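In this note's numbering, each number is its position in the sequence shown, counted from 1, plus 137. Okay, structure first, notes after.
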Amino acid sequence: MEKYDLIVIGGGPSGYAGAMRALDFKKKVLLIEKNRIGGAGVYDGVLTSKTLWEFSQKVSSIRELTPEYKISFEQIDKTVKEAVFERKTQMTVHLQLLESATEDHLFEYEKGEASFLDKNTIQVKREGKETKIVYGDKILIATGSRPRYLSHIPIDEQIILTSNGIRNLTEIPKSLVVLGAGVIGCEFATIFANFGQTKVYLIDKADRILPFEDEDVAEMVSENLERMGATVHHGASLKRMEIINGKVEYELEYKDGKTEIINVDKALVSVGRIPNVENLSLENAGVKLNDKGSVWDDDTQTNVSNIYVAGDVTTDMALVNVGEREARHAVVRMFGPPIKPLSYKNISTIMFLSPEVASVGMSEQELNKVGIPHKVVKLDYSTNARAIAMRKTRGFFKILVTNDNGMRILGMRAVGEHASSAIQAVAYLIHTNQGIRDLADMMHPHPSIIEGVQECLRMLLGKSIYKSSIFKDKLKCYVCENGVCTPVEKLIQDQ
Numbered sequence: 138m139e140k141y142d143l144i145v146i147g148g149g150p151s152g153y154a155g156a157m158r159a160l161d162f163k164k165k166v167l168l169i170e171k172n173r174i175g176g177a178g179v180y181d182g183v184l185t186s187k188t189l190w191e192f193s194q195k196v197s198s199i200r201e202l203t204p205e206y207k208i209s210f211e212q213i214d215k216t217v218k219e220a221v222f223e224r225k226t227q228m229t230v231h232l233q234l235l236e237s238a239t240e241d242h243l244f245e246y247e248k249g250e251a252s253f254l255d256k257n258t259i260q261v262k263r264e265g266k267e268t269k270i271v272y273g274d275k276i277l278i279a280t281g282s283r284p285r286y287l288s289h290i291p292i293d294e295q296i297i298l299t300s301n302g303i304r305n306l307t308e309i310p311k312s313l314v315v316l317g318a319g320v321i322g323c324e325f326a327t328i329f330a331n332f333g334q335t336k337v338y339l340i341d342k343a344d345r346i347l348p349f350e351d352e353d354v355a356e357m358v359s360e361n362l363e364r365m366g367a368t369v370h371h372g373a374s375l376k377r378m379e380i381i382n383g384k385v386e387y388e389l390e391y392k393d394g395k396t397e398i399i400n401v402d403k404a405l406v407s408v409g410r411i412p413n414v415e416n417l418s419l420e421n422a423g424v425k426l427n428d429k430g431s432v433w434d435d436d437t438q439t440n441v442s443n444i445y446v447a448g449d450v451t452t453d454m455a456l457v458n459v460g461e462r463e464a465r466h467a468v469v470r471m472f473g474p475p476i477k478p479l480s481y482k483n484i485s486t487i488m489f490l491s492p493e494v495a496s497v498g499m500s501e502q503e504l505n506k507v508g509i510p511h512k513v514v515k516l517d518y519s520t521n522a523r524a525i526a527m528r529k530t531r532g533f534f535k536i537l538v539t540n541d542n543g544m545r546i547l548g549m550r551a552v553g554e555h556a557s558s559a560i561q562a563v564a565y566l567i568h569t570n571q572g573i574r575d576l577a578d579m580m581h582p583h584p585s586i587i588e589g590v591q592e593c594l595r596m597l598l599g600k601s602i603y604k605s606s607i608f609k610d611k612l613k614c615y616v617c618e619n620g621v622c623t624p625v626e627k628l629i630q631d632q
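Set out below in structure tokens:
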């Protein structure tokens, strides 16, 4: 039986990152992947959806100048396939060269379905080959997740789709309903609205989309979707969704009891994801699941001391950057020096919507919910020179800090063009528990979106270029304590 220092189950972003980190420690590693290297992160998830979004943004920009412009489905499909091919080729060639170039043969890749025989022994079922049994001192579970299906909806991945079924489209649908107003649902609603050839409907059971985000963020995204021609069914419950004569018929019921029946070409069901744990035989290793059906862990370590877990299979936070970080952290815990537990306080996220939304740290509604006193500064995009030059002035910056003179940053939201480029410096301040003065006094590049961050910090320090007492609709400062938010013109005077 072949023995390894580490066996990684799953070759998506998390598993791949974990395997590579173990090689840094000169450990013998076996990476097992059931289907395709890169997993959903390459084929059905982030890469494909973000390629679609980037392409749709270009189309939307052209349509602003030439409203009758139309893109063909073949052009869209070609672009996505090229992106997938480029990424999968990079990853596959990298593994092949690692296997052949490593003099001490530290790395091996095996395609097959892995399952536990005990806490150290893994069975690998290989198509067209005999089953292989291997031993690992340490095991990393990184098997990812998949879209959740609903039993009462006939999802066939052709007419009623999940995000996995988007690749099955052969033409741009004339109409599409999206069930689920979270990030993935709103992203796909944005993509198809951007192309300008699809009437988009979004079913929002709550009173507003993106219920986990601040109201001002959700409101701007919702308004922009509707401005682009989408219909948002606010406060609507889905009574039924059926495939009739090759199309989708769905019935809604609103809070006032009113019902509505609508027919569309396609439906996208986006109601969360579930972990891929069914075929791992975790019971043979004694690995526990939590009440959500995902693998239980304590700072990436399961209840079995030599078995660790990372990425979507925990379903706590299904983000590529989080999964990769968890996997690398787990490997350091296995083979490196003692380290601090992972912190999830400064996770930077991007929502590819219209406009783009970037966030880090806590939101305003989270702070109010847990009763943390804080100061808020909010700056409209229309005051930013780069946004004006791009003619993209819809959006805002919002920074939340502690309600004291130290003003440590608790969180930030940026909504608008290039929002993702504006949050990293703030994420670093949160990570290092620093105040705001150094960043406020830096010379930022001009014209740039990140100058909006600088101006927010200047507002907190009472030395902004534009004064909130004059531009009350564009610059806002307020203090929130005990559930009460009080507007102020300047929060402190920093000499």
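Beta carbons are placed, not taken as given, at the ideal position from N, Cα and C, and that holds for glycine. Since this is a predicted model, take the numbers as computed values, not measurements.
Exposure label - residue i; buried when at least 16 CB within 10 Å
{"i": "Asp541", "result": "exposed"}
{"i": "Thr185", "result": "buried"}
{"i": "Ile607", "result": "exposed"}
{"i": "Glu350", "result": "buried"}
{"i": "Tyr286", "result": "exposed"}
{"i": "Arg364", "result": "exposed"}
{"i": "Phe332", "result": "buried"}
{"i": "Asn413", "result": "buried"}
{"i": "Glu415", "result": "exposed"}
{"i": "Ala202", "result": "Before going further, note that residue 202 is Leu rather than Ala in the sequence given. It counts as exposed."}
{"i": "Tyr391", "result": "exposed"}
{"i": "Lys311", "result": "exposed"}
{"i": "Ala556", "result": "buried"}
{"i": "Val230", "result": "exposed"}
{"i": "Arg335", "result": "Reading off the sequence shown, one finds Thr at residue 335, where the question assumed Arg. Answer is buried; the Cβ neighbour count reaches 16."}
{"i": "Gln632", "result": "Caution is warranted here: a pLDDT of 44 is assigned to Gln632, below 50, making its placement in the model unreliable, and the coordinate value is therefore given only provisionally. Flag for Gln632 reads exposed."}
Close-in-space but distant-in-sequence residues of the same chain around residue i (CB under 8 Å, 5 per side omitted)
{"i": "Gln227", "result": "none"}
{"i": "Val616", "result": "Pro510, His511, Lys512, Val513, Asn540, Cys622, Thr623, Val625, Leu628"}
{"i": "Met357", "result": "Pro492, Arg531, Gly532, Phe533, Val552"}
{"i": "Ser635", "result": "No answer is possible for residue 635: it lies beyond the span of the chain, which begins at 138 and ends at 632."}
{"i": "Thr268", "result": "Gln260, Val261, Lys262"}
Contact set for residue i: own chain, Cβ-Cβ below 6 Å, skip 5 residues either direction
{"i": "Ile276", "result": "Ile144, Ile444"}
{"i": "Gln438", "result": "Tyr445"}
{"i": "Asp517", "result": "Phe533, Lys611"}
{"i": "Arg595", "result": "Ala577, Ser601"}
{"i": "Ala159", "result": "Leu143, Val166, Val468"}
{"i": "Gly178", "result": "Gly149, Pro150, Val457"}
{"i": "Ser418", "result": "Ser252, Phe253"}
{"i": "Gly366", "result": "none"}
{"i": "Leu347", "result": "Ala355"}
Between the CA atoms of residue j and residue i - distance to the nearest angstrom
{"i": "Gln571", "j": "Ile546", "result": "7 Å"}
{"i": "Ile587", "j": "Ile560", "result": "8 Å"}
{"i": "Gly149", "j": "Leu504", "result": "34 Å"}
{"i": "Ile199", "j": "Lys207", "result": "9 Å"}
{"i": "Leu167", "j": "Gln194", "result": "40 Å"}
{"i": "Phe647", "j": "Ala467", "result": "Outside the modelled stretch of the chain, which goes from 138 to 632, sits residue 647, for which no answer is possible."}
{"i": "Lys535", "j": "Val590", "result": "8 Å"}
{"i": "Asn440", "j": "Gly423", "result": "8 Å"}
{"i": "His370", "j": "Asp344", "result": "9 Å"}
{"i": "Ile303", "j": "Ile398", "result": "24 Å"}
{"i": "Tyr603", "j": "Lys609", "result": "10 Å"}
{"i": "Tyr565", "j": "Asn483", "result": "8 Å"}
{"i": "Arg462", "j": "Leu234", "result": "24 Å"}
{"i": "Gln212", "j": "Ser197", "result": "15 Å"}
{"i": "Ala495", "j": "Ile292", "result": "31 Å"}
{"i": "Met378", "j": "Glu352", "result": "29 Å"}
Short Cβ contact (9 Å threshold) for residue i with residue j
{"i": "Asn421", "j": "Phe210", "result": "no"}
{"i": "Gly498", "j": "Met549", "result": "yes"}
{"i": "Asn521", "j": "Pro475", "result": "no"}
{"i": "Lys171", "j": "Glu236", "result": "no"}
{"i": "Lys164", "j": "Asp142", "result": "yes"}
{"i": "Glu554", "j": "Lys529", "result": "yes"}
{"i": "Glu501", "j": "Leu537", "result": "yes"}
Spatial neighbours of residue i in its chain, beta-carbon cut-off 7 Å, leaving aside the 5 residues before and after
{"i": "Asn427", "result": "Trp433"}
{"i": "Pro217", "result": "Before going on, a small fix: residue 217 reads as Val here, not Pro. Once the five neighbours on either side are set aside, the close Cβ partners of Val217 are Thr185, Thr188, Leu189."}
{"i": "Ser282", "result": "Arg410, Ile411, Pro412, Asn413, Asp449, Val450, Thr452, Ala455"}
{"i": "Pro478", "result": "Asp436"}
{"i": "Gly155", "result": "Val145, Leu277, Ala279, Ala447, Ala464, Arg465, Ala467, Val468"}
{"i": "Lys140", "result": "Tyr272"}
{"i": "Ser359", "result": "Arg345, Ile346, Val369"}
Proximity test, Cβ basis, 9 Å: residue i and chain D
{"i": "Val616", "result": "The question asks about chain D, but that chain is absent: this structure has only one protein chain."}
* Are the region 335-344 and the region 366-377 in contact at 8 Å, needing three or more beta carbon pairs? -> yes
* the region 476-488 contacting the region 571-586, beta-carbon criterion three pairs below 8 Å -> no
* Are at least three pairs of beta-carbons, each pair with one atom in the region 391-405 and one in the region 282-301, less than 8 Å apart? -> yes
* At least three beta-carbon pairs within less than 8 Å, the region 235-244 to the region 255-264 -> no
* To do: Say whether the region 322-329 touches the region 186-204, bearing in mind that this needs 3 or more beta-carbon pairs closer than 8 Å, one atom from each stretch.
  => yes
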